[in-house]
Each structure stands twice: as C-alpha cells, then as structure tokens.
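Chains S and L supply the protein sequences, listed in that same order.
All letters in the first sequence, in the order written, are residues 1 to 155 by the working numbering.
All letters in the second sequence, in the order written, are residues 1001 to 1108 by the working numbering.
Backbone N, C-alpha and C fix where the C-beta goes; we use that ideal spot for every residue, glycine too.
Here the structure is a predicted model, which is why all the values come from computation and not from measurement.
Here's the structure we're looking at; comments come further down.
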Amino acid sequence: MKYNLKLEDISRRKALGLLGGAVAMSAFAGPVLADAAAVSGKINELTGGAGASEGAVTLDIPEIAENGNAVKVGFEVDSPMTDADYVKAVHVLADGNPTPDVASFNFTPANGACGATTRMRLAKTQNITVLAEMSDGSFQQATGKIKVTIGGCGG
Amino acid sequence: MAKIKPRVKVPKKADAGEVITIKALISHPMHTGRAKDKKGELIPRKIINEFRVTFNGQQVFNVMMEPAVSANPFVSFPFKASESGTFDFTWVEDGGKEFTASKEMTVS
C-alpha cells in the first residue's frame, strides 16, 4: 500500500476511514489480558462455588521479576499426604496473562509431600493465585504479587 | 528447530521413607501461538501440554501445562522413596508427540 496521496486527494471519507483504521489498530495492538474477575471466575469454576480458605498454602515467588519470560513459582501445601488425607491437585493462576491458567499439578500420596516449582511467563505485574484441592473436597489458596519489569508474552 | 532433549535429575540412592526431590527439564520452545516470527507471521501454538511421571508403572505425578509455562519447562517435585524402582517421565507435545526419559533409583 502506497501513501503518496496528494493532500487534495484525501476526501473526508478517506480521512475518516484512515482514522477508523488507526483506532481499530490501537485497540488490537496488545493481547487481551485476563483480569482479577477471570481468576475469581476460574476459582469458582474449580471449587464449584464453595470458595477456598487460606493458611495451608505457602508461596515461594519473587517480589520482583526482571524478566517475565521465566519467573520461578514455587509452592508448598501443608498436608500429611497419606491415603486418607492428601492434596489431589494444585492449580496455578495468574490474573494479568492472556489466559488465567498457568499449570495444574496432580499429586498422589506417593509424593510424600506436596510442593513443586516451575517457571512461568508473566505479561505484566500481576497477582499469582495457587489453589490446592484436598482429597476431602475442600480448597486452600494463597495469593502473591509479582512485579514484572519486562513482560514475557513475545510479539 | 533445536533438538528437544529431556533432562532429569533423580538421586541414585535413597533411604526408605526419605522424601527426595526430582527435577525435570525439557528443552522446548513452548510456542504460545501469540508471538510473531521475523516476517510478522504468527508462530502457531506448540507447547508441551502434559508432563507425567510413573514409578514402577504406577502414575505418581503429572502436570497439565498452559502456554503461560516458560520455554524449556522445568518442574521439580517431591517423591517419598519406599522401594527400588524405575521412574518413567513422559512429556506430551501438542499434536500428541511424546518425549520420554527414564531413571533408576535404589532404596536401601
């Protein structure tokens, strides 16, 4: 597409069209990010509306991440991990990424303890929620904020 | 594409009842489907979407991954040693391709 239009060639209609295009471009410039509502919606979906209490989950996350491409996220859940009482699954959720899901960990009593670390991408400064599903059907959660200097969504 | 190579760290020996930590990493670009290449075209999504671990044939742990997991996905997790055996690690890529690794552990 060439932009060598003379000034007199630009009719009002063309000008409006160009302007509209620019507005549309700016609206789609960045990825649409999830928000806190998406995370609480996800928690509601996972817990079946029961909600989660706090206390058993310990987060191990940095306060500031210089590079959002690989941010360490670790957690520990206080549980005896016996056949009768163990942590079934742990979901990691982020409220500032294009989608709230990061990863879901499925544990068994054979693990002997409940905890894991991984590395995740963060688009911007945001809250991380770790939701643990116990074998008795109850839920535990913990939330922490990570400041991100450079986002990790590519593009 | 760079070669996809799994790496796993499991202690060779453990005491019965000891909770050991297993570390697993696979070199993989984890294309999210959002980044663009040099020509400005979207790179299609291709990630490791599942990582699972079996011990003597029994599944003990798995992780379902989303695009928010970093390139070269790394996972560390605990395991309670009770008997000698073999760990089998499987990474599943979008499209169903699997990468595997296996480690022995002796429990005394």
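Candidates S/Arg119, S/Leu131, S/Ala132, S/Ser138: closest to S/Pro62 by CA position: S/Arg119
Do L/Phe1061 and S/Asn106 have their beta-carbon atoms positioned less than 8 Å apart in this structure? Yes; because the gap between Cβ atoms is below 8 Å, this pair is in contact.
Span of the beta strand (DSSP E) holding S/Gly74? 71–77
With a cut-off of 8 Å on the beta carbons, I'd call L/Ile1022 and L/Lys1009 a contact; round off their distance for me. 7 Å
I'd like the span of the beta strand (DSSP E) that includes S/Leu59, first residue to last. 57–60
L/Lys1080 at chain C interface by Cβ criterion, 8 Å: No chain C is part of this structure, whose protein chains are labelled S and L.
Could you name the residues of the same chain whose beta carbon sits closer than 6 Å to that of S/Ala29, not counting the 5 residues immediately before and after it, in chain order? For S/Ala29, the predicted structure reports a pLDDT of 46, less than 50, and the residue's modelled location is therefore unreliable. A value from the coordinates is still provided. Non-local beta-carbon contacts of S/Ala29 in its own chain, meaning distances under 6 Å to residues more than five positions away in sequence, are absent.
Tell me the DSSP secondary structure of L/Ile1047 in three-state form. coil
Range covered by the beta strand (DSSP E) that runs through L/Leu1042: Neither: L/Leu1042 is in no beta strand (DSSP E) and is coded neither H nor E.
Using a Cβ distance threshold of 8 Å, determine whether the segment 1062–1074 of chain L contacts the segment 1019–1038 of chain L, with at least three qualifying pairs required. yes
Kindly identify the DSSP beta-bridge partner or partners of S/Leu131. S/His91, S/Gln141
For L/Leu1042, does the count of other Cβ atoms within 10 angstroms reach 16, so buried, or fall short, so exposed? Classification for L/Leu1042: exposed.
Can you tell me the Cα-Cα spacing of S/Lys88 and S/Pro100, whole angstroms? It is roughly 20 Å from the alpha-carbon of S/Lys88 to the alpha-carbon of S/Pro100.
Are the C-beta atoms of S/Asn127 and some chain L residue less than 8 Å apart? In terms of beta-carbon proximity, S/Asn127 stays away from the interface with chain L, with every pair separated by 8 Å or more.
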